[in-house]
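Colleague:
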Amino acid sequence: MQCQPEYSVSQVLTFFLLLAFKCSVVAPTQLNHQLSEPHWLPATATWYGSPDGDGSDGGACGYGSLVDVKPLRARVGAVSPVLFKNGGGCGACYKVRCLDKSICSRRAVTIIVTDECPGGYCSNGRTHFDLSGAAFGRMAIAGESGQLRNRGELPVIYRRAPCKYPGKNIAFHVNEGSTDYWLSLLVEFEDGDGDVGSMHIREIKYLNPLIKKTAPNIADITLLNHVPLTNNLKKTLPLHILHKRIIASSSEWLQMNHVWGANWSIIGGPLKGPFSVKLTTLSTGRTLSARAVIPSNWSPKATYTSRLNFSP
């Protein structure tokens, strides 16, 4: 006679609990499966403007007509306040992907934050993306862009992505209305984090050689700050001295204030260029300094491009 093993009530209960837990792990929902990928988070998305449009002009970040041209064109979107961060989120890049396999591509669309959507789907602390019609349609499988847009609001997943502007260096746009006493700048084409946490400027001083009136010979010179090279002085100085201009940085970085969107300003003065600009990203605190990027003869509404950028 073969003996049958005996099990206590607690052992039987433990067995069924483990079985139930195993089933719940091996049969996750579609959304939980997507979120198991690192750094993906849930959100919702809608679209605005024309079906194949590039997005709104300007927007709450202040990028103006930049949203209509490459590399921003058709890659822009407005985000809810939790991502907009009172303008601190301007310029940040995100990958956004919808989840319905019957109509959604597995490819995520990369968008750049250029605007804020303050109400409706974007209210009550929700994480929401209001994309340009073109960006929204790019989440669909081939030939289904129109059908996807007809869905209206969609559940999506998103994550931060490094911004990439191939062939571009960081540029600084001098905003309209800027003067020697109020200077306002907008950062463009920032690789990597894309956002700005703080900005500083520093005046660059040029030291020009000037001959002492009592000097017995041309070699006896004194370096004076901001001395103009008059016509008489130009005739007196030899070429090797005339062409030598010594750059001296002031010791103080002047902090700029966040005004709105991606715009920063400083009140003081008179402010004399050229200016170096230092920016620090909001997300990771990376710092970059563009030396003498804004010339002494700067003008409002002009854009000045540096020679460097962050690594994506």
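Going by mature numbering (1 follows the signal peptide of the UniProt record, and there is no 0), the letters in the sequence shown line up with residues -28 to -1, 1 to 284, in that order. Just so you know, even glycine gets a beta-carbon here, dropped at the ideal spot from N, CA and C.
Ignoring anything shorter than 4 residues, give me the alpha helix (DSSP H) runs that lie fully in the segment 158 to 182, in order along the chain.
Modeller: The segment 158 to 182 contains no whole alpha helix (DSSP H) run of 4 or more residues.
Colleague: Starting from residue 251 and walking both ways along the beta strand (DSSP E), at which residues does that stretch end?
Modeller: The continuous beta strand (DSSP E) containing residue 251 extends over residues 247 to 252.
Colleague: Assuming the contact rule is C-beta atoms closer than 8 angstroms, residue 51 and residue 85 should be a hit. Round their C-beta distance to whole Å, please.
Modeller: With 8 angstroms as the limit, residue 51 and residue 85 qualify as a contact, their Cβ atoms being about 5 angstroms apart.
Colleague: DSSP three-state label for residue 282, please.
Modeller: coil
Colleague: Please classify residue 243: does DSSP put it in a helix, a strand, or coil?
Modeller: coil
Colleague: With a threshold of 16 other CB atoms inside 10 Å of the CB of residue 88, please say whether the residue is buried or exposed.
Modeller: buried
Colleague: Taking one C-beta from the segment 121 to 131 and one from the segment 146 to 161 each time, how about it: are there three or more such pairs within less than 8 angstroms?
Modeller: no
Colleague: Report back the beta-carbon spacing between residue 74 and residue 21 to the nearest angstrom; my notes put them in contact at under 8 angstroms.
Modeller: In fact, because the Cβ distance is near 26 angstroms, the residues do not count as touching under 8 angstroms.
Colleague: Out of curiosity, what's the CA-to-CA distance linking residue 115 and residue 109?
Modeller: 10 angstroms
Colleague: Does residue 96 come out as helix, strand or coil in the three-state DSSP assignment?
Modeller: Note: residue 96 maps to coil in three-state DSSP.
Colleague: Under the rule that 16 or more other beta-carbon atoms within 10 Å means buried, what is residue 239, buried or exposed?
Modeller: exposed
Colleague: With a CB to CB cut of under 6 angstroms and the five nearest residues on each side skipped, what residues in its chain are close to residue 134?
Modeller: 164 and 284
Colleague: Secondary structure at residue 71, three-state DSSP: helix, strand or coil?
Modeller: coil
Colleague: Starting from the C-beta of residue 233, find all residues in its chain whose C-beta is less than 6 angstroms away, skip the five residues before and the five after it, and write them out in chain order.
Modeller: 32, 33, 34, 59 and 62
Colleague: Once DSSP output is grouped into helix, strand and coil, what is the label at residue 234?
Modeller: In the three-state reduction of the DSSP assignment, residue 234 falls in the coil class, being assigned neither a helical nor a strand state.
Colleague: Can you name the start and end residues of the beta strand (DSSP E) that residue 263 belongs to?
Modeller: 259 to 266
Colleague: Provide the residue span of the alpha helix (DSSP H) that contains residue 121, from first to last.
Modeller: Residue 121 -> alpha helix (DSSP H) spans 117 to 122.
Colleague: Where DSSP assigns a beta bridge to residue 87, which residues make up the other side?
Modeller: 50
Colleague: Suppose the cutoff is 8 angstroms on Cβ atoms and the five residues either side in sequence are ignored; what does the same chain contact list for residue 18 look like?
Modeller: 93, 100, 101, 102, 103, 108, 124, 125 and 126
Colleague: Check residue 37 in the structure and name its three-state DSSP category.
Modeller: Residue state, collapsed to three classes: helix.
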